[in-house]
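Report on one structure; see the data block that follows.
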Amino acid sequence: MDNKQDKNTFKIGILFVLIFSVIVIFLIRVLFISLKKPDHFISTVISHTNLAIRGKIISKDNFIVAENKKIYGVAIIPKYINPNKKEMLINLLSIYTNKPKSYFKNILKNKTSRVVILRHIPYEIKKNLDYLSTVLAIKKVFIENSNKIIYGLDIYEEKSKRVYPFKDRLEPALGYIRINSKHQHVGIGLEKYYDEILSPKQNGYTKGYRDVKNRIIYDNTAIIRPRIDGANLYLNINLILQGKIENILDKLKPQMKAQELLAVVMDSQTGHIISIASSNRFNYMHILPKDVINMKISHIQYTYEPGSVMKPITLAMLLEHKKVNILEVLNAHNGRWRFKPRFTITDDDHFKWLNVIQAVIHSSNIVFAQLGLRLTPDEFRNGLLNFGFGQKSGIDLPYEYKGILFSKRGFLSEIHRASNAFGYAMQVNLIQLLKAYNSFNNNGVIITPKITNHYDNIYIPIEKRQVISPATAQIVLNILRKVVLQGTAKATNLPGLFIAGKTGTARISNKGKYEDGLYNSSFIGFVNDKSHKYTIATLAIKPDKKRYFASQTAVVVFKNIVETMEEMELLTPSITPSN
């Protein structure tokens with residue numbers, strides 16, 4: 014009897030141990046699950062990608078001139094819409110998106126699988142729909158699926174869109190960027206030059222368990238990778254001044270019947286470009302066939318024979334080599350000099366004799382041809398290279414044309430050197446002239462012009478180089494002041510400001526021959542007050558054949574710009590007029 018009782022007791026013990034073990038295993042499992050994720054969540058893992066965007070471009074006066082706007086899409090799985098609340102859903106979607114109810118009725122009609130109901134919506138509407146999602150959850154507009162997951166509004170991110178809030182402002186220098194069929198970035202302007210810096214670096218990524226409302230649970234198991242956008246670009250451009258100068262060019266272009274008007278304003282001491290304007294612009298968000306020609310940045314891509322604006326450069330080289338006295342008198346040949354049997358040089362004004370200062374004021378080609386011959390071929394060519402001609406200026410814009418400067422062999426020709434002395438037989442762009450001239454207003458120091466100030470905390474380096482002595486720079490500057498007071502640029506003179514500069518009216522060669530009435534007219538000058546120094550370059554490309562002189566075109570543009578800067582208090586005239 015005792016043996017039988019012992020066997021029953023043993024069996025009960027074994028059964029108890031088994032039951033206890035099962036309970037312990039169950040509890041451990043429950044505990045593991047509860048620690049891993051709450052019991053009202055299923056083990057499905059989801060992920061979201063947050064697309065990084067291109068950096069902004071921001072003006073000196075804090076206007077955003079280019080930025081990426083994120084755009085979104087919205088999808089719904091119609092079979093999970095509560096049939097009794099479908100009308101409510103349609104009404105609310107219509108209210109939150111300003112689309113007619115009929116639009117949503119048609120798009121959801123007879124659909125059961127996932128359907129995209131909205132595309133390319135801006136962030137503002139996306140924000141409204143985020144709130145609407147919460148409202149729909151409270152109203153239980155969507156029903157659970159077999160896994161007790163609620164599929165509501167699926168708001169997803171599409172590619173961002175590059176926008177230019179000020180339309181054609183700062184074009185074409187601002188430029189554009191696009192990705193071609195080969196996934197290559199193509200474009201122009203600042204957008205292209207700084208493409209690598211502006212481009213997005215890393216998409217954001219989030220992965221984790223989802224809750225019953227199909228949202229990621231941000232617990233300690235979630236994987237989060239931050240989004241890293243492209244760097245923002247901060248410019249030296251004063252956008253208000255830029256707009257005003259563009260308005261000046263737009264107004265004057267039809268009056269002058271010019272192909273294009275250009276203007277650049279630079280701080281003489283820092284090289285910061287505060288405005289780079291053209292009359293020929295485009296709005297990249299609404300490109301028209303006629304706009305294609307306006308995508309050329311003529312400030313660096315239109316090269317031309319500069320004409321008389323080169324005379325101060327020639328004079329500076331002569332002074333540096335001590336080969337001229339500014340008071341010496343030269344034969345001006347009454348405005349017509351047959352230098353070689355087949356090469357005659359003429360002047361618009363006919364003088365018998367002129368000293369060097371007068372030759373600059375009255376812009377004598379004949380006198381400067383004689384002066385240019387005093388420089389040896391090497392002195393002449395190396396001097397021009399030293400001023401930055403025949404090479405890219407270094408401005409932060411892509412695809413610059415470096416112009417034409419003859420080889421050493423070319424400078425052996427007397428005709429060539431004589432022509433170069435007054436700005437012919439060579440080609441330059443406007444920024445090269447701006448850069449070279451700036452040395453006269455900056456104690457002989459040449460500075461590479463820059464449109465951009467910095468990105469992130471990295472500042473664009475300022476490149477400076479002494480090209481002529483401070484004494485030479487001051488002599489030339491004083492003579493250029495006389496051009497404004499007595500010569501071809503009298504119209505630029507304004508009381509209380511130091512204004513100096515030189516005009517240039519140069520003929521344009523067409524198929525190897527100079528065509529009558531076809532000219533480029535430029536004025537490169539300076540305007541200083543007690544606190545500021547600016548170098549300004551203006552160019553009228555192919556103005557009216559009856560009104561082509563620089564004094565009638567480029568000088569007028571310059572004066573309008575200076576008056577505008579005065580109105581904006583970028584310049585403060587002194588009480589005593591400058592001499």
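Heads up, the numbering used here is the position in the sequence shown plus 13, with the first residue counted as 1. Note that CB positions come from ideal geometry on N, CA and C, so glycine has one too. What you are looking at is a predicted structure, and each value in this text was computed from that prediction instead of being measured.
query	result
Ser-60 versus Thr-219 - alpha carbon distance	5 Å
DSSP three-state assignment for Met-581, whether helix, strand or coil	coil
DSSP bridge partner residues for Gln-440 (one or two, in chain order)	Ile-417
Delimiting residues of the beta strand (DSSP E) encompassing Arg-132	128-135
Exposure label - Lys-572; buried when at least 16 CB within 10 Å	buried
N- and C-terminal bounds of the beta strand (DSSP E) containing Asp-167	167-170
For Leu-507 and Ser-587, the rounded distance between their alpha carbons	11 Å
Asp-409 burial status per 10 Å Cβ neighbour count (16 or more: buried)	buried
Start-to-end residues for the alpha helix (DSSP H) that takes in Asn-530	Position check: residue 530 holds Gly in this sequence, whereas Asn was assumed. Not the alpha helix (DSSP H): Gly-530 falls in the beta strand (DSSP E), residues 526-541.
Nonlocal neighbours in the same chain, by C-beta distance under 8 Å from Phe-54, ignoring five residues either side	Per-residue confidence for Phe-54 stands at a pLDDT of 39, beneath the threshold of 50, marking its modelled position as unreliable; no derived number is given.
Among Ala-345, Thr-357, Ser-452, the one whose alpha carbon lies nearest that of Asn-365	The question names Asn, yet the displayed sequence has Lys at residue 365. The option with the nearest alpha carbon to Lys-365 is Ala-345.
Glu-580 classed as buried or exposed, judged by whether at least 16 other C-beta atoms fall within 10 angstroms	exposed
Among Leu-131, Glu-476, Phe-424, the one whose alpha carbon lies nearest that of Ile-120	Leu-131
Where Ile-138 falls, given that 16 or more other Cβ within 10 Å makes a residue buried	buried
Uninterrupted beta strand (DSSP E) stretches inside the stretch 143-216 (no shorter than 3 residues)	167-170, 174-176, 189-192, 198-201
Gly-401 vs Ala-329 beta-carbon contact at 8 Å	no
Rounded C-alpha distance that separates Ser-426 from Phe-393	12 Å
Own chain, CB closer than 6 Å to Leu-48, minus 5 neighbours either side, in chain order	Confidence at Leu-48 is low in this model, with a pLDDT of 49, below 50, so its placement is unreliable and the value that follows should be read with caution. There are no such residues.
Helix, strand or coil at Lys-559 according to DSSP, with G and I counted as helix	coil
Of the residues Asn-141, Glu-259, Ile-134, Ile-190, the one placed nearest Glu-170, counting alpha carbons only	Ile-134
Neighbour-count burial assignment, Thr-359, 16 or more Cβ in a 10 Å radius	exposed
Where the beta strand (DSSP E) containing Ile-379 begins and where it ends	Careful: Ile-379 lies outside any beta strand (DSSP E), inside the alpha helix (DSSP H) at 378-385.
Residue range of the alpha helix (DSSP H) that includes Met-330	324-333
Alpha-carbon to alpha-carbon, Tyr-247 and Pro-483	32 Å
Simplified DSSP state of Val-87, which is helix, strand or coil	strand
C-alpha distance - Lys-555 paired with Gly-530, whole-angstrom precision	9 Å
Proximity below 8 Å, CB of Lys-515 to CB of Ile-537	yes
Thr-219 in three-state terms, based on DSSP	strand
Any 3 or more C-beta pairs closer than 8 Å across the stretch 180-191 and the stretch 90-99	no
Where the alpha helix (DSSP H) containing Val-497 begins and where it ends	483-499
Residue from Ile-84, Asn-141, Thr-327, Lys-324 whose Cα sits closest to the Cα of Ser-107	Asn-141
Option nearest Thr-551 by Cα separation, candidates Val-154, Ser-72, Ala-276	Ala-276
Given His-363 as reference, the closest of His-375, Leu-166, Lys-353, Ile-156 once Cα atoms are compared	His-375
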